[in-house]
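Q: Residue numbers (the working numbering), protein chains in the order written: chain A, 1 to 345; chain B, 1 to 345; chain C, 1 to 337; chain D, 1 to 337.
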Amino acid sequence: MPWTKVYTDMSDVKDILAGEGLRALSYREALKEAQEQLLRSDDSVFLLGEGVDDPGGIFGSTLGLWNEFGKERVMDIAIAENGMTGVAIGAAMAGMKPVFVHMRMDFLPMCMDQIVNHAAKWNYMTGGKVNVPLVVRSIIGRGWGSAAQHSQALHGLFMHVPGLKIVMPSTPYDAKGLLMEAVNDGNPVMFIEHRWLYDYIGFVPEEAYTVPFGKGIVRRPGSDVTVVALSVMVYEAIKAAKTLEGLGMDIEVIDPRTLKPLDEELIIASVKKTGRLVIADVACKTGGAGAEIACRVAESAHGYLKAPVKRVNFPDTPTPCSPVLEEAYYPNAGTIVQAVKELIG
Amino acid sequence: MPWTKVYTDMSDVKDILAGEGLRALSYREALKEAQEQLLRSDDSVFLLGEGVDDPGGIFGSTLGLWNEFGKERVMDIAIAENGMTGVAIGAAMAGMKPVFVHMRMDFLPMCMDQIVNHAAKWNYMTGGKVNVPLVVRSIIGRGWGSAAQHSQALHGLFMHVPGLKIVMPSTPYDAKGLLMEAVNDGNPVMFIEHRWLYDYIGFVPEEAYTVPFGKGIVRRPGSDVTVVALSVMVYEAIKAAKTLEGLGMDIEVIDPRTLKPLDEELIIASVKKTGRLVIADVACKTGGAGAEIACRVAESAHGYLKAPVKRVNFPDTPTPCSPVLEEAYYPNAGTIVQAVKELIG
Amino acid sequence: MKTNLTDYKGAAKQAGPDVLLGLMRTMLLIRRFEEKIIEVYPVQDMKTPVHLYIGEEAIAAGVCAHLKKEDYLFTTHRSHGHCLAKGSSPEMLYAEFYGRSTGCSKGKGGSMHPVDPENGILGTTAIVGGGIPLAAGTALASKMKKDGKISVTFFGDGASEEGTFHESLNFASLKQLPVIFICENNSYATTSPIWQRQPHDNIAKRASGYNIPGITVDGNSVLEVYEAAGEAVQRARDGRGPTLIECRTYRWKGHVGPDCDHEKGCRPMEDLNKWKERCPVVMFRDFLINNSVITETQYNDMLAEIDREMDRSISAARESAMPEKEELLKDVYHITR
Amino acid sequence: MKTNLTDYKGAAKQAGPDVLLGLMRTMLLIRRFEEKIIEVYPVQDMKTPVHLYIGEEAIAAGVCAHLKKEDYLFTTHRSHGHCLAKGSSPEMLYAEFYGRSTGCSKGKGGSMHPVDPENGILGTTAIVGGGIPLAAGTALASKMKKDGKISVTFFGDGASEEGTFHESLNFASLKQLPVIFICENNSYATTSPIWQRQPHDNIAKRASGYNIPGITVDGNSVLEVYEAAGEAVQRARDGRGPTLIECRTYRWKGHVGPDCDHEKGCRPMEDLNKWKERCPVVMFRDFLINNSVITETQYNDMLAEIDREMDRSISAARESAMPEKEELLKDVYHITR
Ligand SMILES: Cc1ncc(C[n+]2csc(CCOP(=O)(O)OP(=O)(O)O)c2C)c(N)n1
Ligand SMILES: Cc1ncc(C[n+]2csc(CCOP(=O)(O)OP(=O)(O)O)c2C)c(N)n1
Ligand SMILES: [Mg+2]
Ligand SMILES: [Mg+2]
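This is the structure in structure tokens:
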């Protein structure tokens, strides 16, 4: 199905889609279109963040939206993450649907209190009387020596916080559909994008649509090893699968799409079929999302595993600057191939 | 060995220790003695936190210390967690050894940025030139309807942050020894106490001593099931082991003492022996420390598990206030017994 | 507190007997509501940490007298007085403190997290400084929706030290939001005196840095509070932006719980005695009697009527049902469809 | 910038030719150090995000001229000028930007995280507002140890919006710490103009709320900065507490990288042109020549000498070795024993 397909080679994807008479959009454009349609159809929706109205437009994902919707609804703000998150939460309680945009996920620790102690707990503390329909968009940066404070992926932290939902779209189709779902979910949603996905192209319908939370997807069916891949690692996993195919290993690639809720059934079913599990994440290893996924398997698929679980992650170090160290820091298709070989070989 | 023994029945522990000619101290007193000895022996050590100098003295753990060391070194501060953590970090870089005290762990999200983006990354970002000898003491609250914002245990978040160390002492002996180790470790250490342990009594030598990081301990040897228990759950696990003993099940209770570094060898060895693993934590389940421990076992002890891994945690909800809901919220010895039975029964 | 009603120039001047008696009643209601808690607390079946407001009642009363039912209010861990002054039901609050299913949060929040949307209270945070930006947020929503509501946030001297105070005032001033910042300066944060936390004891002084009017009033004089709040409310309703009002007051009881922390050496007993002589309730009662707005008997009737209501409320609350265990796992997430 | 040296009353008056030439040299050093980066950046082998300081050199130069080698300094993502003014080696910085093992952080930090303990730079954070409390912290350490050092923290107008600014000024004033807060107000945070972020364009005004002296100076006039900083440094050394100095200036280049963001429509070109006419380097050069402190030729010699040094430094840096892959896993933790 065109809306589930991932294209790893961007060079000819436009032609392919055109050939199939399908509308091609980049991840960046898909995000922008989602926000544009939401702003147009619902007066309670507004965007806020440092630079949402500037000529860069958050890597293009909010570019020019202020022209149509004004600077009140596409609101540039001061650098005050915790306070402004509180402002967004207050507005959300009063019936607005704010979308708070952070150019780097690294800045979220600044507003951890308002996210963890307020947004996440509000519906429960109020006995369900007041909910917080807040979407927090944040982008995982990478490369060019961005170093320790501008390259972090922190979804692992939010996994541990009841009351939050966590979304990590890997395709343009999901970027639009999940964002439209998030804004109307009625709960605080951590919407996590990857800078490297912005230029990825795929089929994106023009009309508004949503992709449901908690429904993962098999990006590539296979019988030998289950690779649960997050965000940009989905593409590395598909590439790895192609390589491994040549070696006679049949890889199943699963993209959970949302970490919270997590489509446990899909993962468990796949592992019960393949008997092998590799988790490819875009973050540091210890205490990350991969540990939770592996633990769920250890709890619910005991006896099915034919080999140890493997995690493909960044090492447990802050991000280095030097290109040679960056090179050594980031896993890729090759790393996944290596991990799979160790399981089967 | 008296320094590894845990006493679950506080009624007669003083007499027992006295009988053995051993010095008895409460967890509270052990913490205070550690800080007292550190302040006395090292001018660079100082305490800061809201109320460290007040008549409550952080549940007694800093009580009256300001009398001997003055209010400059036992410093009451404004309610400004992030800024004051930055102040402590700056002082630490300049050669001081601050101990920042939080009466509730729930307040740490306020200073997440200074802990995660600064303290944890500083040694690495500076190529090892400048380290941050900061100890952050925080107390996990519980009960009397303290509810969602005053009962959290957030060690699961810090597990995911390279550059931090995490300590969770369960006995008075470890409370003193690990705190003395933490202050001289030279790295940012999250020192996590449990309010319910404050009155627990055990053997504590008068002289200064340290307990090394990364060395877990077998609190009770057993052959059938490995129960890795954190903080106050160590006592619940021992109680559960006694009950299960009567049912012919031999439980090994492991207290990791430090989560970061984690004594993986000890846990793996135990699981290879027993073939069964239960992790008893004092926090919510998803994305917590238990997931990481289970994942390490899935990675390194594949094939040894005779049963699924089980986690004993709080449910994935914020903490409720009502006594009946609190009652249902917190796991105890009975919950561990139940979990073990499900594995063996 | 001035001696004659005629000495007042502002809002208090126009205030008719209804308003004045309303202020009196609100203060008495708060006082007796909490004294009732002190009475039952030793039984140990009200299992929630109570932060008593006794001694500070004039602030909640004086401010809320200007608010409409639909205006937004954010309080703190010390929440009782503000909720009552805004119109929340004592029975619903007591039930919440008892952890009952009939409580405002079905027993899930307790004393630190009251909620009452019908009266503009969208929930309460006990994180110090946490509620300040929330109020700026509801005010932003009101400005965007043009619904004419204003937002008020009460917080302590300690909360003014958090970064959120700075960030919220900056934003509220920039956008000229209809929000009022009421700082209840009782000189202490738990047992930390303000001089161990701030370079001066003048929180209103911070306002000018944000181009916000900042005023200091006697928080124990309900009419002074009423006058200052009146101006601020008018400013907010007129779209002329936020105001910071520092109310000087004093907490009679311990930071948490019904005890007197002075006996534990937390604060000087002289201070307590000094402040008790300036009891907001007594001062205003005497003022009303001297200005013959109320008679001794009328006052006693009011008090008796409130006490009957408190007795009824607390026993009704106590007799209501505990939540079902199943409730534990509910309300973690809002369900839209 | 005044026309005659004699017009100056304060520190600049006492400043002898050495000081004046030193200020000139520091500004030129910063300017040429960064113009060198602009020159090599297109080659794309200096893989680190560079935030250029061009146009703001007078601030770092004027402040650091008063600092001792051992005094502490905290800078930001826009770090180059402050490090150079404090005495850091250009070669070591270039090497760091090239990710070389010879860089100040062995290539682990890059342009946003320079460190140079020998010159009082204990590391750098690129988290906006993150460095302000760190400087209060080193100042606290100095006060406790009585080591006579002072601390200076440079930060932008954007950073003044973070809660840490509020929390740090409150603490520094309370404890009368030897710290100086230098706010470099260039009216922009990335491409957000200050009027979209703050209710007024007057950051120094915030100081009074903390009982801290707050002054605004022309950040493009090195002597005005030098005079204001001189007073603040004296105050800090005398134990008379902190000072907030707002320096009005303008960034010539884009927020990050060597391009001109005006061409991308980020900021009005007129502004750039207006500010370029007030180039801190040119203004001061002319001033020195008019006051015959330096001759045209001497100035050109200084420039040439600096350029030779920059050429040598950057090629030496570029030729030095990359770190070993093993370095990746090192330095996560400090090893005591
Ligand atoms: C962020 C945070 N830090 C610390 C606490 C613990 N705490 C609860 S109330 C309080 C004192 C608050 O003082 P103030 O704001 O003056 O209010 P008051 O209690 O005097 O009314 C503190 C420190 C908290 N709840 N939240
Ligand atoms: C906490 C945080 N939020 C956002 C950013 C992204 N960011 C980097 S620099 C910058 C602008 C800073 O402006 P200012 O403080 O005025 O310094 P300038 O760049 O103008 O020198 C922003 C928003 C960040 N690094 N840290
Ligand atoms: Mg107070
Ligand atoms: Mg700026």
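Even for Gly, the Cβ is constructed at its ideal location relative to N, Cα and C.
1) Which one of D:T249, D:A136, D:W275 and D:G156 has the shortest CA to CA distance from T190 of chain D?
2) Quick check on E327 of chain B - is its C-beta less than 9 Å from some C-beta in chain A?
3) I'd like to check one pair, G163 of chain A with G287 of chain A: are the Cβ atoms closer than 9 Å?
4) Should the region 99–111 of chain A be called in touch with the region 134–152 of chain A, which here means at least 3 C-beta pairs below 8 Å?
5) Using a C-beta cutoff of 9 Å, does D173 of chain C count as contacting chain D?
6) Per the DSSP calculation, S138 of chain B is bridged to which residue(s)?
7) By the three-class DSSP mapping on this structure, what secondary structure does A236 of chain D have?
8) Determine the extent of the beta strand (DSSP E) in which C247 of chain D is found, giving its start and end residues.
9) Am I right that K86 of chain C and N119 of chain C are in contact with their C-beta atoms under 8 Å? What's the rounded C-beta distance?
10) In angstroms with no decimal places, state the Cα-to-Cα distance between S160 of chain C and I268 of chain A.
11) Any C-beta of chain A within less than 7 Å: which residues of the region 255–272 of chain D qualify?
12) Could you tell me the alpha carbon to alpha carbon distance between L325 of chain B and V130 of chain A, rounded to whole angstroms?
13) Tell me which residues share the same chain as Y304 of chain B and place their Cβ nearer than 7 Å to its Cβ, disregarding the 5 neighbours each side in the sequence.
14) At 7 Å on the CB atoms, spell out the chain D contacts of T317 of chain A, in chain order.
15) Give a yes or no on whether 9 Å exceeds the smallest Cβ distance from S208 of chain C to chain D.
16) Can you list the beta strand (DSSP E) stretches of 3 or more residues lying completely in the region 9–73 of chain A, in chain order?
17) Could you tell me the distance, in whole angstroms, from the CA atom of P318 of chain B to the CA atom of A147 of chain B?
18) Taking R40 of chain B as the reference, which of B:S26, B:V282, B:E68 and B:A333 has the closest Cα?
19) For A376 of chain B and A139 of chain D, what's the separation of their Cα atoms in angstroms?
20) I192 of chain B: which of B:G334, B:V136 and B:H160 sits nearest, CA to CA?
21) Smallest Cα separation from L25 of chain B: which of B:I336, B:N123, B:L197 and B:G86?
22) Closer than 8 Å to a non-hydrogen atom of ligand 4 - does that hold for the CB of R251 of chain D?
23) So, at 8 Å on beta carbons, what are the nonlocal neighbours of A126 of chain D in its own chain, with the 5 sequence-adjacent residues on each side left out?
24) Can you have a look at L247 of chain B and say buried or exposed, based on whether 16 or more other CB atoms are within 10 angstroms of its CB?
25) In whole angstroms, what separates the C-alpha of K14 of chain B from that of L178 of chain B?
26) I'd like to confirm the pairing. Which residues does DSSP put opposite T216 of chain D in its beta bridges?
27) Name the residue from A:A291, A:H118 and A:S170 whose alpha carbon lies nearest to the alpha carbon of M159 of chain A.
28) Do V179 of chain C and I203 of chain C count as a contact pair if the criterion is CB distance below 9 Å?
29) Does F107 of chain A have its Cβ less than 9 Å from a Cβ in chain D?
30) Under 8 Å by Cβ, that's how I've got P133 of chain C and E167 of chain C pegged, so tell me the actual separation to the nearest angstrom.
31) Using a Cβ-Cβ cut-off of 7 Å (strictly less than) and excluding sequence neighbours within five positions of D224 of chain B, which residues of its own chain qualify?
32) When burial is assigned at 16 or more other CB atoms within 10 Å of the CB, is M283 of chain C buried or exposed?
33) At a CB-CB cut-off below 7 Å, which residues of chain A make contact with H160 of chain B?
34) Starting from I38 of chain C, find everything on chain B with Cβ-Cβ shorter than 7 Å and list it in chain order.
35) Could you give the distance in angstroms between the alpha-carbon of Y210 of chain D and the alpha-carbon of Y210 of chain C?
36) Give every residue of the same chain whose Cβ lies closer than 7 Å to the Cβ of I121 of chain D, excluding the five residues on either side of it in the sequence, and list them in chain order.
A: The relevant details are as follows:
1) Selected option, being the one with the closest Cα: D:G156.
2) No, its Cβ sits nowhere closer than 9 Å to a Cβ of chain A.
3) Not in contact: G287 of chain A and G163 of chain A (Cβ atoms no closer than 9 Å).
4) Taking 8 Å as the limit for Cβ pairs, the verdict is that the region 134–152 of chain A does touch the region 99–111 of chain A.
5) According to the sequence as given, residue 173 of chain C is Ser; it is not Asp. Yes, contact with chain D.
6) Its beta-bridge partners are B:H102 and B:I192.
7) In the structure shown, A236 of chain D sits in a helix (DSSP, three-state: H, G or I).
8) Run containing C247 of chain D: T243 to R248, per the beta strand (DSSP E) assignment.
9) The beta carbons of K86 of chain C and N119 of chain C sit about 5 Å from each other, so the pair counts as a contact at 8 Å.
10) Distance between the alpha carbons of S160 of chain C and I268 of chain A is about 50 Å.
11) Those residues of the region 255–272 of chain D placed with their C-beta closer than 7 Å to a C-beta in chain A are K264, G265 and C266, ordered along the chain.
12) C-alpha separation (whole angstroms): 20 Å.
13) Only V271, K272 and G275 meet the Cβ criterion.
14) Within 7 Å Cβ-Cβ: L328, L329 and V332.
15) For S208 of chain C, the answer is yes, since a Cβ of chain D falls inside 9 Å of its Cβ.
16) Here the runs fully enclosed are 24–26 and 45–48.
17) Taking C-alpha positions only, P318 of chain B is separated from A147 of chain B by approximately 8 Å.
18) With distances taken between CA atoms, R40 of chain B lies nearest to B:E68 out of B:S26, B:V282, B:E68 and B:A333.
19) Given a span of 1 to 345 for chain B in the structure shown, any question on residue 376 of chain B remains unanswerable.
20) Relative to I192 of chain B, the option among B:G334, B:V136 and B:H160 whose CA is nearest is B:V136.
21) Nearest option by C-alpha distance: B:L197.
22) Yes; taking the cut-off as 8 Å, the Cβ of R251 of chain D has a heavy atom of ligand 4 nearer than that.
23) So the list reads T76, H77, M112 and H113, once near-sequence residues are dropped.
24) It is exposed - the Cβ of L247 of chain B has fewer than 16 other Cβ atoms within 10 Å.
25) Rounded to whole angstroms, K14 of chain B and L178 of chain B show a C-alpha spacing of 22 Å.
26) Answer by DSSP bridge pairing, in chain order: D:E246.
27) Closest option to M159 of chain A, Cα to Cα, is A:A291.
28) With contacts defined as CB atoms closer than 9 Å, I203 of chain C and V179 of chain C fail to qualify as a contacting pair.
29) At least one CB atom of chain D sits nearer than 9 Å to the CB of F107 of chain A.
30) The beta-carbon separation of P133 of chain C and E167 of chain C, rounded to 7 Å, stays under the 8 Å limit for a contact.
31) Here D224 of chain B has M249, D250, I251, T274, R276 and I344 as same chain residues with Cβ atoms under 7 Å from its own Cβ, once five neighbours each way along the sequence are excluded.
32) Answer is buried; the Cβ neighbour count reaches 16.
33) By Cβ distance, chain A contributes G156, L157, C284, T286, G287 and G288.
34) For I38 of chain C, none of the residues of chain B pass the 7 Å Cβ criterion, the least Cβ distance being about 17 Å.
35) Rounded to the nearest whole angstrom, the C-alpha separation of Y210 of chain D and Y210 of chain C is 13 Å.
36) L73, C83, K86, S88, P114 and V115, listed in sequence order.
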